[in-house]
Every structure is written in C-alpha cells, then in structure tokens.
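The block underneath contains the structure these notes are about, expressed in structure tokens.
2 protein chains.
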Amino acid sequence: MQASTASKQVTPTDELTRALGDLVRYLLVCTGRDTFRAIDDLGLSLTQIKAAQLLAEAEAPVSLGDIGEHLGLSLPAMSRAVDGLVKRGLVTREEDPADRRSKRIVITRRGRRLYERIYEIRAAGVRAFVDGLDPDHRDALLDGLRPIVRDLP
Amino acid sequence: MQASTASKQVTPTDELTRALGDLVRYLLVCTGRDTFRAIDDLGLSLTQIKAAQLLAEAEAPVSLGDIGEHLGLSLPAMSRAVDGLVKRGLVTREEDPADRRSKRIVITRRGRRLYERIYEIRAAGVRAFVDGLDPDHRDALLDGLRPIVRDLP
DNA sequence: TATTGTTATACTCTATAACTATA
DNA sequence: TATAGTTATAGAGTATAACAATA
C-alpha cells in the first residue's frame, strides 16, 4: 500500500485494465464491420443471430422464454424474431409435450451452418489481427492468455 | 508447412485466434450489461454515446457529416441524434464560418463528463475481471499484451 | 388463478426522398 | 449545379397491454 503525493500511481491492474479495454475495442472494430454486413446481407436481425448462437450452443431444449431471458428481450420480441427464423427454416418451434403452453425451439442443420458461417466471419477478423502480429509477440500473448482462457466460465 | 493426415493441426495462430475470440466475447458480456443499462437510464441512444465518444476524442472540429461517416449512419439519423445531444446540453452545434452549409459539433464540458462516466462504467467491468485473476496470470497477460497494445493504431 | 406464448398498438431509431441554404 | 444539413415519411425492432391456451 504505497502512499504517493500524486495520483499517478499506475498499478498492474490499472495497466492491464486499460490494455484489455483498448484491445477489445480494437478487435470489435476489426471484426464488427464484416460481421454486421454479413448479417445484414442475410436479412437477419442481430437478435436473430444471437438467438441462433444460443440455440447452436445449447445442450438442453430451449423455450421461447429462455431465449428472451438470456438475451434480455421481451417475450413478444422473441416471438417475432423466432417467427422469422422458423420461416427461413433455421429453427423449428414445437409444443413441449411436458407443458403444452411452452414451445421448444430447436436449431436446424441449416441454421447451424448459418451460425457457423457468421462465427467464421468474426473469427476471420481476429485471425487477420493475429496474422499481423510479430511471431514473438504472438507467442508471448498466447502464453499469457492460455491459463486465463482455460478458466473462463 | 507440416503435412498431416488429419485436419487436427492447431497452429499457434489458430489457438490465439480462438483464445482472443473467447476473451473478447466474455469481456463484452461482462462490460456490456452495466454499460447498456447506464446508457438506457440516461435516456440516450447508443448512437448518441458513440457520437459523444467521437467528439470527446476528436482533436479537430467535427461536422455532422464526419460523425455520420465514422459511425456508418445517414445524415438524417445523425441530425436527429445530435439534436437530442444539443437539447441536453451535451454538445453545441454552430455554423462553420468557413462554409456556412456545414455545422461544427463540439462536445461541452458536461458532455465530456458524461462520456467519461460511461467509459468508467465499461472500464469497471474489465477491472472486475482483472481483479479476479491470479496475480501471476495477470502479470503474464500484461507482459504479453504490452508490446501489442503499444502498437495498436 | 398463474404462466407461456401470440396478437394489437405505440414508440424509437434508421433510411430514402424532398426541401432549404450555401458554395 | 453540387453539397451540408433538415424535415417528411416509411420500415424494422422493441415494449406494454390485451388475449388465448394450458397448468
């Protein structure tokens, strides 16, 4: 707990916070452009892509309300968004036999392919950034990142 | 260029791409929640916050068209967004003496304070993540990040 | 009576088109 | 005639309210 007359003390936490903030911001710009354009070209909304992502990664059946809760959106908004996905054959919507008020939303093979394509576009932006790194820097970053990413929830 | 019978070859580039992608995604979730809620509570749109950020970081005078171009939005959309910012006293909008068709948008002291508050909320999310790291991991990540962030555009 | 989802309606944000003022 | 910005209007996406079906 070092005291200092000025408030210029920069701790490792401060420095890392700033570094991570800058990096995330930069990567978002890199990867966002192409991704948003691709989604737009598909005629899908961001909400629909997020829903597809949730469904692609879900392990248990997912109801409409589940999706809305995860995405922080209202039930009507999800109903409409899923409606569009159903019409395009990207997901299916069926009554839950255990509770017929509820609907089970399941991604189709076509929906999964579409989601993976979007994922690849995003990854390509990150990859372009990584490819531009000095190999030594790249390896050092990987070393620093490996144990942290391993523990992400 | 090692050949392999399977396609399981994972290069450092692959691994780092994935690690960075995962980290960015995780940090976005952490920092996005509070930030979006704060913006919403202020009654401002995301566009208005982005405009404020651009203006807060701008070094030269900025026209309405400049903002729209940077943000990828139409002139009418920017006009409306800036209108709201002017009404709240967060920016000023004045004729450019050199070309009276053009307007110079300038952030006010109050606008700058507001932008910094939002920035702090976002940074707080990153900081919470950093605080949760094992100190050794934290320092290793900082070492890996330092030369890279230094060279960001 | 409570809950899941859908439909009706209003609001916000955006874009295109039409317009004004200046170059 | 071309350009910077504003105003008018339409479309997409969201939320609240009202509704239907099931628990």
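Those protein sequence lines, which keep their order, are chains A and B.
My numbering numbers the first residue of the first sequence as 204 and each following residue consecutively.
My numbering numbers the first residue of the second sequence as 204 and each following residue consecutively.
From the three backbone atoms N, C-alpha and C, an ideal C-beta is built for every residue, glycine too.
Nothing here was measured: the structure is a model prediction, and the numbers come from that model.
If one requires a minimum length of 3 residues, the beta strand (DSSP E) runs lying completely within the stretch 219-304 of chain A are 294-299, in chain order. Beta-carbon to beta-carbon, V285(A) and A254(A) are separated by about 7 Å, close enough to satisfy the 8 Å threshold. Partner residues in the beta bridge of I308(B), as assigned by DSSP, are V265(B) and R296(B).
Counting of Cβ neighbours within 10 angstroms places Q212(A) among the exposed residues, the total staying below 16. DSSP, reduced to helix, strand and coil, places T214(B) outside both helices and strands of the structure shown, so it counts as coil.
Distances from the CA of G328(B) to each of T220(B), F239(B) and G224(B) were compared; the closest alpha carbon is that of F239(B).
Excluding residues up to 5 positions away in sequence, L267, G268 and G271 lie with their Cβ nearer than 7 Å to the Cβ of L278(B) in the same chain.
The DSSP-derived three-state label of G347(A) is helix.
Within the model, the alpha-carbon separation for R313(A) versus G292(A) is close to 7 Å.
Minimum Cα-Cα distance from R320(B) among the listed residues V232(B), D225(B), R221(B) and A241(B) corresponds to A241(B). Within chain B, no C-beta atom comes less than 7 Å from the C-beta of R316(A); the nearest is roughly 18 Å away.
In terms of Cβ geometry, Q256(A) and G287(A) do not form a close pair [threshold 7 Å]. Sixteen is the threshold: since fewer than 16 other Cβ atoms of the shown chains lie within 10 Å of the Cβ of A331(B), the residue is exposed. Put simply, the CB of P264(A) is far from chain B, with every gap to its CB atoms at 7 Å or more. About 11 Å separates the CB atoms of T220(A) and V352(B); that is not less than 8 Å, and the two are not in contact. Residue-level contact by beta carbon holds for L355(B) and chain A, with a gap shorter than 7 Å. Contact check for I308(B) against R316(B) fails: the beta carbons are separated by 7 Å or more. Residues are counted here when their Cβ sits less than 7 Å from a Cβ of chain A; for the stretch 331-343 of chain B these are V333, D334, L336, H340, R341, D342 and A343, given in chain order. CA-CA distance, D299(B) to V265(B), rounds to 10 Å. When the Cα atoms are used, R236(A) and L245(A) turn out to be separated by approximately 15 Å. Contact annotation: L345(B) and P350(A) have beta-carbon atoms that are not nearer than 7 Å. Nearest neighbour of V232(A) by Cα position, chosen from D339(A), K306(A) and A326(A), turns out to be A326(A). Here V289(B) has R296 as same chain residues with Cβ atoms under 6 Å from its own Cβ, once five neighbours each way along the sequence are excluded. Closer than 7 Å to the CB of G268(B) there is not a single CB belonging to chain A.
Burial state of L249(B) is exposed, judged by a 10 Å Cβ sphere holding fewer than 16 other Cβ atoms. The distance from the Cβ of V227(A) to that of L230(B) is about 5 Å, consistent with a contact at the 8 Å cut-off.
Taking all protein chains in view, the Cβ of A263(A) is surrounded by fewer than 16 other Cβ atoms within 10 Å, so the residue is classified as exposed.
Interface flag for T250(B) against chain A is unset, since no Cβ pair is found closer than 7 Å. In terms of CA proximity to S305(B), S282(B) leads the group S282(B), E323(B) and P338(B).
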